[in-house]
Every structure is written in C-alpha cells, then in structure tokens.
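According to my numbering, the sequence shown holds residues 584 to 878 in order.
Structure first, commentary second.
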Amino acid sequence: MDIAFTLVVNPDCSLSLEKIEDGIEAIKATGTPKRHILSEGKAVDLIFEGDLNIRNQIEDALNDIDGLDWCLQPAEGRKKKMILADMDSTMITVECIDELADFIGVKGKVAAITEAAMRGELDFEAALKERVALLAGLSTDALQQCYDERIELMAGARALVQTMKANGAYAVLVSGGFTFFTEKVAAAIGFDMNRANILGIEGNALTGLVEEPICGAATKLETLNEQAAKHGLTAAEILAVGDGANDIPMIEAAGLGVAYHAKPKTREAAAAAVTYGDLTTLLYFQGYADADFVS
C-alpha cells in the first residue's frame, strides 16, 4: 500500500524540512520515497510503499519537534469529498458563548465552564444549558454586536473550504454553538449547510434556554452519517475537524479526522493534529499544493 507522509513546518520550527526528513530512519528504511513539494520550504509529501504501523516508529520523534505538523495516511483517496467542521475555535478564533457572556459581565464564569466541557470534563449538554442560563435577559442586539465586533474567521478557513469545494467536495458546518452565528459564518466561508443550537428568545431578549434537542457530539456524528448517505459517500471520503471533546465521535468516524489546536482528549482520538499551522495545513494533508488553493 502506498503511504502518504506529509510534513508541514511553521515559522517557529527550528529544523528545515530536509533535516527533518533526513532524521526519520524508519522512512529511509522503506527505500527512497517519492518527494513532492507542496509549498517551497514549508510543506512536502513523501510517498512510499509500506503500512501505517510505521507510525509507532516515528511518532515520538516527530512530536518532539516544535513547529512541525504532520500526517500519515493511505495515499489513495486523500482528497476528501466532504468536510464536516466545528465552528468555535476551529473555523472562527473565539467561543461565541464566552463572548456573549462578556456583554453581561460573566465571561470568566462561562469561559471556565466552556473550557472544562471542551476538555471532556463535563457533560456537554448540561454545561451548555448552564451557560445559556447565565445569558438570560441579554438583549438580542448583543448577538449582532458580538458577531460584528468579536467574530474573526480562522486563518485559512476560507481557502480550505473553497479549495475543497472547487474540487467537488460538500461542506458542512456543525456546531455546539448557535445558529445565529453558524448561518453567518457558513455564508462567509462558503459552507453548503450548517447545523447548531437555537437560542430561546422572547421579545428582544434571551430567555436563558436553548431549544431541544441539543446539537452536541451525537448530533455531529449523526450529521456525518446522514450527509454521507445523502451524497453516497463512505466514511473514508470524509474529513472532519474540530478542537473539543464533543468533536471526537465525528473525528473518529471520518476517513481523516483532524484535531485542530485541540484539547488533549481530542488530539488523542484524532488520526492527525494541527498544532502550529493554520487551516490550510489540512489542504497540504490532502496533497494540495499552494498553486491549487482557491481563496
């Protein structure tokens, strides 16, 4: 089986691609891999014949290199036909609920609950209800103000989605956040559909409730399976990316599950992790070169 081994170095990496490649004895032992430059001095593909068990021989050494992101996977079918992505701290740089909480002076309390939930230390649904309850009475005007002033797209988000779509992929944004934000973020990046939680609103204020059913880990996995069936795709043809514990089921189910600047439990569950780079790293992992990027 042909294996694709992708290396992506970032500005803070102390080693060049060539030095990293030269130091991986397990790869050299397979013979001379085919070398494809994806980004000059930044990203390279090494294609060789072998099996994924080689991961055990290289993982410890690679994870000790600051500034290096890497991915090891079968070469066949690398360019995925669907992407499912989390929103908060993945496609955007913040957690929307934490920013909303700032408008009523409870950001510290809400952010602490968010962090614990994303690390898998709290039940996601219970933690969401607890945080939304703290937003009771917040003016709906704050939702738009929050979007306008606080929401920033993650670097590489649009290039990732637009490049995959230009190559025939379907893009799904599925979030434990709120539809008020996913609808806008999906439109800004170019997702084909979005799914998230619906905030309770009465008059011009939040009620402190969230509509059932909660969009959490189970919903994310259900969305993956539902959309795979709808588009006639296998799990192997899907990329899923997220940062929190509630992303783990869809990350584990996808052909390429990526933990993006993620919590420890999420990194452990994922086939690959992006720790240093931006979201274009996921394009390199699929074998796209700089010249292929669509912005």
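C-beta atoms are modelled at their ideal positions from N, C-alpha and C, and glycine is treated no differently.
Short of 7 Å from the beta carbon of Ser878, and not among the five residues preceding or following it, lie these beta carbons of its own chain, in chain order: Arg741, Ala742, Gln745.
The C-alpha of Asp652 lies about 16 Å from the C-alpha of Ala738.
If you ignore the 5 residues before and after Cys798, its C-beta comes within less than 8 Å of the C-beta of Val757, Ser758, Gly759, Arg778, Ala779, Asn780, all in its own chain and listed in chain order. The DSSP-derived three-state label of Ile648 is coil. Residue state for Pro796 is assigned as coil, using DSSP reduced to three classes. Residue environment for Gly815: exposed (fewer than 16 other C-beta atoms within 10 angstroms of its C-beta). Taking the Cβ atoms as the reference, Leu721 lies roughly 7 Å from Leu683, within the contact range of under 8 Å. Of the residues assessed, Gln810 falls on the buried side of the cut-off, its CB having 16 or more other CB atoms within 10 angstroms. Within 10 angstroms of the beta-carbon of Ser672 lie 16 or more other beta-carbons, which makes it buried.
According to the DSSP secondary-structure assignment, Tyr753 is paired through a beta bridge with Met665. Here DSSP, grouped into helix, strand and coil, assigns Asp628 to strand. No Cβ-Cβ contact shorter than 8 Å links Leu726 with Ile687.
Across the structure, Ile734 and Cys596 are spaced so that their CA atoms are roughly 29 Å apart. Between Ala770 and the set Ala872, Ile675, Glu604, the nearest pair of CA atoms involves Ile675.
Taking C-alpha positions only, Ala818 is separated from Ala836 by approximately 7 Å. For Lys602, the three-state secondary structure derived from DSSP is helix.
In the structure shown, Tyr730 falls within a helical segment according to DSSP collapsed to helix, strand and coil.
Inter-segment contact for the region 690-710 and the region 842-855 is present: three or more beta-carbon pairs are separated by less than 8 Å.
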